[in-house]
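Chemist: Its first residue numbered 558, the sequence shown is counted upward by one per residue in the numbering used here. Before we start, here is the structure in question, set down as structure tokens.
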Amino acid sequence: MFVVVGVTGGIAAYKTVHLVRRLIGEGHEVHVVPTEDALRFVGKPTWEAISRNPVTTSVHEDVATVRHVSLGQRADLVIVAPATANTLAKMASGLADDLLGTTLLATTAPVVVAPAMHTEMWRHPATQQNMRVLRSRGVHVVGPADGPLTGGDSGPGRMSEPDEIADAALAVVAAAVSGRAQDLAGLRVVVSAGGTREPLDPVRFLGNRSSGRQGVALAVAAADRGAEVTLVAAHIDGEVLGGLSDRVRVVSVGTALEMRDAVTDAASVADVVVMAAAVADYRPAEVAELKLTKETQGDRVTLELVENPDIVAGLAAGRSPGQTIVAFAAETSTGEELLQRARRKRERKDVDLLVVNEVGWTRGFECADNEVVVIDRSGDVAAQASGSKREVADAVWDAVVAARL
Ligand code: C5P
């Protein structure tokens, strides 16, 4: 494969050396196109030695081969790593004042960018607006990761690891060849699924009928569409979990509080969080040390319950820029009443999308099919889907992709 690796002026450029080595090692023809600034971090001899191809930043060299467009035309894949805030802004505006700019405008190949910058620059509305523009044009974004930055500070802004960038970029190309949509490539998503259990004593719990099937279908669909997926699973049968692909990381939890901790942890670096789990609204105020017996309790028992934290509302209140939060609602009402309740719930939790489904004694739980309506921030019906839980999952991800534009 003919791969162009654009390198822009960030300290993470040294990690891109490993990315180029890996691509070369896998037999690809790699052409490195640095910006002038990038060469202040890693020099031309390194790029030429490692890629085994000549390197220039200028559109005025090698004019006879019309290099300023030929690299872009020949490319099967273009990766920009690190992609600085400045380069992302230039890409969003279509500026082409150097060889990387002209190459990016001349290519029809998939473009994968790995942003790297300080947290403040990443969070700036201008950068976030540019990311939306680039995503809407089909550019795939990998990272940035959350962690230590060069100034000694820490937060989202670190370039993703070279292997992660290579994996995502190669998956994008593989999907393009197979014709399968990879519209979630480069995104980290967290899906919660199943039902929490709140212990009363060592052998009993308050639980619910959620099987986790819809959440598992969401996780598998996201992985199929290129996302890096963490599934926070509460009491899901091994048989239901069996359908998971290798690319889904599973974190098992029991109670609502355990789910909050696991989801909050995974959400700190996630682009999208989908809370499909049925979380207990209340838990017993006290958990008995020993099994409750008729001898000690008599013929009538009163349980005192305390409210659990609303996990998804907490995530939405503390969401990072560009993060999409999706809640589910299982409702026993119908028709217009169902929609009104859904709109109020979306607003109360301040989530980007609310997926509502009608449930009852015979509907929604433990079965293979589902029927949902997705409400967006303006209260409109963003999507409606019925069919297998996988079909519903894909409709939810379509709505997520549309909401992120
Ligand atoms: O308010 P209700 O329980 O109907 O909201 C359902 C949505 O809120 C689901 O997405 C569920 O995962 C989430 N939820 C939560 N924390 C709770 C209860 C529900 O995140 N304690």
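The beta-carbon is built from N, C-alpha and C at its ideal position, and this holds for glycine as well.
#1: From which residue to which residue does the alpha helix (DSSP H) around G795 run?
#2: If you draw a straight line from the C-alpha of V698 to the C-alpha of L744, how long is it?
#3: Cβ atoms of V669 and A725: under 8 Å apart, would you say?
#4: Answer yes or no: do P672 and P701 have a C-beta to C-beta separation smaller than 8 Å?
#5: For the putative contact between T644 and T565, defined by C-beta atoms under 8 Å, what is the C-beta separation to the nearest angstrom?
#6: Would you report the Cα separation of T676 and V637, rounded to the nearest angstrom?
#7: Of all the beta strand (DSSP E) runs that stay within the bounds of the segment 631-701, which reach a length of 3 or more residues?
#8: Determine the closest residue to M674 out of A646, D654, P667, with distance taken between C-alpha atoms.
#9: State yes or no: is the C-beta of N865 nearer than 7 Å to some heavy atom of the ligand C5P?
#10: Which same chain residues end up closer than 6 Å to E785 when comparing Cβ atoms and leaving out the 5 residues on each side of it in sequence?
#11: Taking the CB atoms as reference points, tell me whether V836 and T891 lie closer together than 8 Å.
#12: If we require 3 or more residues per run, which beta strand (DSSP E) segments fall completely within the segment 753-840?
#13: Taking T573 as part of the alpha helix (DSSP H), name the residues at either end of that continuous run.
#14: Quick check: the segment 845-857 against the segment 810-821, are at least 3 beta-carbon pairs closer than 8 Å?
#15: What's the gap between the Cα of A732 and the Cα of P667?
#16: Ordered along the chain, which non-local residues of its own chain (more than five positions away) have a Cβ less than 6 Å from that of G879?
#17: Considering only residues of the same chain and omitting the five flanking positions on each side of M678, which have a CB-CB separation below 8 Å?
#18: Spatial neighbours of V574 within its chain, please: CB distance less than 7 Å, with the 5 preceding and 5 following residues excluded, ordered by chain position.
Modeler: Taking the coordinates as given:
#1: Looking at the DSSP string, the run of the alpha helix (DSSP H) that includes G795 is 795-798.
#2: Using only the alpha carbons, I get a separation of about 7 Å.
#3: For A725 and V669, yes; Cβs fall inside 8 Å.
#4: Cβ distance < 8 Å, so P672 and P701 count as in contact.
#5: Their Cβ separation, rounded to whole angstroms, is 4 Å, which keeps T644 and T565 in contact under 8 Å.
#6: Looking at the two C-alpha atoms, the distance is approximately 19 Å.
#7: Within the segment 631-701, the beta strand (DSSP E) runs of at least 3 residues that lie entirely inside it are, in chain order, 634-640, 668-672.
#8: A check of alpha carbon separations from M674 across A646, D654, P667 identifies A646 as the nearest.
#9: It does: the Cβ of N865 is within 7 Å (strictly closer) of some heavy atom of the ligand C5P.
#10: Excluding five sequence positions before and after E785, the CB atoms of its chain that fall closer than 6 Å to its own CB belong to R745, given in chain order.
#11: In this structure, V836 sits away from T891, with a CB-CB distance that is not shorter than 8 Å.
#12: Fully enclosed beta strand (DSSP E) runs of 3 or longer: 785-791, 805-810, 829-832.
#13: Start and end: 570-582.
#14: Output reads no: the segment 845-857 does not touch the segment 810-821.
#15: Those two C-alpha atoms are separated by around 10 Å.
#16: Hits under 6 Å: Q685.
#17: Taken in chain order, the residues that qualify are A642, T684, G714.
#18: So the list reads V599, T603, I607, once near-sequence residues are dropped.
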